[in-house]
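Have a look at the structure below before the remarks.
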Amino acid sequence: MSTRLIQLAALIITAAGILCAFMLSPVINQQRVDRQLTYDLEGGSSAHPSYTLAASLGSFRGVLINILWQRSEALKQEGKFFESNNLAEYITTLQPRFPDAWDIQAWNMAYNISVKCKTAEERWDWVQKGMVLLRDRGIPNNPNAVVLYRSIAWILGHKMAGGTDDMHWYYKARMAETWQTILGAPDPGWGWKPEYRDPAKRPLEEDFDRLEHGEWLATRQFAQIADMAETYLKKANRTEGDFRASNYFTTLSPDNLARFYTDYPDLKPVVQQLEALKGPGGEELELGLNPRTLRAFGRGQMFRDAGYDVGTEVINNPDVLGIDAMAVYKWIVSQPPDVALNLNPRNNIAAARERNPDLTIVDLVPLLNLLRALTLVGEYHMDPPYMLVTMQAYGPIDWRHPAAHAMYWSALGTLRAEEWTQNKGRIDLLNANRNIIHNLQKLAHEGKINFRPQVPTMGQIGKETINHSPDVRMIPAYDRAWEDTLTKAKAGDFGDKHEAGDSFANGHENFLQSAVYLYYYDGQETKARDYFKRAKEIYADSPTSPVAEDGEYELSMPDFARVRFDDDLGFQNVMRILVRIRLAWRYGLAERSRAVMKRHLDSAKRSYDDYLEERQITARADLDVQARQNIPPFEDLVLSQFIEIMGSPEQGYSLPQKANIWQLAVPLLVAESDERALVYEAYARMIPFLISQAQLEGLSGDIRNAFPPPQGFEQWYQQNVAPQQPGLPPPPQPNPTR
């Protein structure tokens, strides 16, 4: 063939290729838009300037990305994680629509870099950075990438809520402190859903399902936050069911601000007064309609909830309460005698105003709820209405728990995956569903939180404590999540390779078994028997069930619960010990027997000692393992459970009942520790709760006879607590008279 013919053929082929490329370009560009792989550079200010600049590099961007990826991976292989992270920052800027870039960088921060740090504070900082990178930048840039939802849920559920990191208790405490400051401790009570508030419309007792017919007060109260977001922050183009934080404004527009003040006229002067508050040196605090103000209110309430006297110098100082909270506290207590500020969402303001016509009651709850909505949307990129959806679907979620956030992001990722057909049949969709189950499991096994912030100058009674204990209220949602996942697996939603097989069946059986012992040790034997019956019916004849093979389904329900509880290695540490301590108080109080109390406490102490022997002492050479498996001193666990009984409204004990508890508890607490004045610490911590309860129940006068201080308490208090800080009050006296 002649050279000219070859050249002509080449030109024809080249022209055909250019024509085909030209014809396919609109289709390809549309696919890039549909799959959110690019920014619309004509879209104005919606894109971050750095992303817009990166997109304008054209074909050179791909070359630069390849170089950066290769160098970043080489640095990672050399163990130079900090240097690799710096390059990853450039990669995410150049590839904002590539989910794996965000995923790898977040993992590097939360895992590789964090474990190189030695202090808990440094580790927490890097774990936070990894989680925040996904939440604040990765997901907003890739809202349909389910892998990013799975990854943020993994950091929250595994790194923070789990026990594999030797600093995990520090992470849990920081999450509890952060979210109690923002949302407060959740109300443990419940009521009927609106459609069942009429007694005539309520289900029969055998048909009653609290998840279906009941409504947790924490959920009802959170609905007010969601309503604030919908009413004053929602953008006009938000469609129903489109749960994205970007659908809300992070500040109030002038029109919505005027509307808010029209709806709540008492709050305009309140905001103006807060804006005028100054620090101790006369500096502007910049409080007002912003998250800073919410944290100032929340921090003061957190210390009050823990039983501290916020008005004393030991608490009311910049190092403990903080300057903002000090200013807000001073503003609260400086109100005129005829003005009362309401901070409690459970109070009936209309009834209170009717009872006290001469008293001006200013309800601050709407203001706090608006600030909460602003904070959730602006700082945490969370959708308050979807947070409410998860609470309505799964139960009384405590947002102080990392697993609660892991479940939120997993559920949102599952929703995104189901909306976006590219995720159908992908392993990421299956993992997102599994994350929901795993985190509901965590909330059922350890979803109740007892958190007490630290006051360093108060010694033992000012020590920071955090304990997680079982929350059986989450079991119905845990059950339904399993049923939903099994249904999806059978329908092929996770692909042909992930049909409902033995792995799903084994997980479901483990759930039913744990539900038996969780309900049994919570005192709900009827529920325990129901789940025991279900487990037997489904799995007693299963050839793949080790429990069936061992004949455990032939045991009585109580024996089955005890065997399963002892064999459940995944949750045996603190939970097992706390359960037995609670049994000591519950059965001891029921039988008014110190001997019963002591028997259960001895059993708890044996479990505690066994744990130390088996899981810590054997790992003596590995300090990381010791720290990771560490649990508080046994005396702290006993004390925390006692204070929960005396202080938590969920327990429902009246003051006379608590007086009987105190009589039984004194000798037990005295005998519990030879080295520590446990009974004195208990008295100092419980008295503020008792005084508050006496005031709420309308009791007046000295109740010291019902709650006498243990012998030697005043001397111990003056020697061990009062000298820690000038301004500390004298020993608390149980006299609620105003």
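Start counting the sequence shown at -15; every next residue gets the next number (my numbering). We put the beta carbon where it would ideally sit given N, CA and C, even for glycine.
Bridge partners of W174 according to DSSP: W200. Note on G535: under 16 other CB atoms within 10 angstroms of its CB, so exposed under the neighbour-count rule.
For R107, same chain residues with a beta-carbon under 7 Å away, outside a window of 5 residues either side, are S98, C101 and M151 in chain order. Residue pairing by DSSP places K262 opposite E268 in a beta bridge.
Selection E196, L167 and M159 evaluated against W176 yields E196 as nearest (Cα-Cα).
Exclusion of the five residues before and after E67 leaves L59 as the residues of its chain whose Cβ lies within less than 6 Å of its Cβ.
Pairing S591 with R564 gives a Cβ-Cβ distance under 8 Å.
A residue is called buried when at least 16 other Cβ atoms come within 10 angstroms of its Cβ; Q89 meets this threshold and is buried. Rounded to whole angstroms, the Cβ separation of R578 and L496 is 37 Å, and the two are not in contact under 8 Å. With respect to the 8 Å criterion, G272 and V255 are classified as neighbours on the basis of their beta carbons. In this structure, DSSP gives K218 an extended state, which the three-state scheme calls strand. Taking a C-beta distance under 8 Å as the contact criterion, A72 and N96 do not qualify as a contact pair. One Cα belongs to H492, the other to A260, and the distance between them is close to 57 Å.
In the structure shown, A475 adopts coil according to DSSP, grouped into three states. Counting only residues of its own chain and dropping the five nearest sequence neighbours on each side, K426 has a CB closer than 6 Å to the CB of A145 and A387. A direct Cα-to-Cα measurement between P672 and H389 gives close to 32 Å.
Taking G266 as reference, the option from A311, T(-2), I123 and E665 with the minimal CA-CA separation is A311. Put simply, the backbone Cα of A0 is about 20 Å away from that of T(-13). When the beta-carbon positions are compared, A545 and A524 stay at least 8 Å from each other. H422 has its alpha-carbon roughly 32 Å from the corresponding atom of Q285. Taking C-beta atoms as the reference points, M115 and A94 count as a pair closer than 8 Å. The residues I299 and V439, in chain order, have a CB closer than 7 Å to that of Y292 in the same chain once the five nearest residues on each side in sequence are set aside. Of the other Cβ atoms in all chains shown, 16 or more fall within 10 Å of the Cβ of I445; this residue is therefore buried.
The three-state reading of DSSP puts H452 in strand, counting E and B together. Here the C-alpha atom of L52 lies approximately 11 Å from the C-alpha atom of N69. Scanning G173, K64 and P437 for the CA closest to the CA of G198 turns up G173. In the structure shown, the three-state DSSP call for Y505 is helix. Ranked by Cα distance from I450, the first of E268, L78, L623 and F227 is L623. Counted as a single uninterrupted DSSP element, the beta strand (DSSP E) harbouring R436 occupies residues K432 to R436. By the Cβ test, the region 342 to 353 is not in contact with the region 222 to 230, since fewer than three Cβ pairs between them sit closer than 8 Å. S394 and Y155 do not touch by the CB rule: their CB atoms are close to 18 Å apart, not below 8 Å. Within the same chain, and ignoring the five residues on either side of A85 in sequence, the residues whose Cβ sits closer than 8 Å to its Cβ are A72, I75, T76 and Q79. Rounded to the nearest angstrom, the Cβ distance from D382 to G431 is 6 Å, consistent with a contact under 8 Å.
In this structure, F516 and V531 do not form a Cβ contact; the two beta carbons are roughly 12 Å apart against a cut-off of 8 Å. Rounded to the nearest whole angstrom, the CA to CA distance from G631 to P692 is 17 Å. In this structure, I345 is the residue among T398, I345, S526 and D322 with its C-alpha nearest to the C-alpha of I333.
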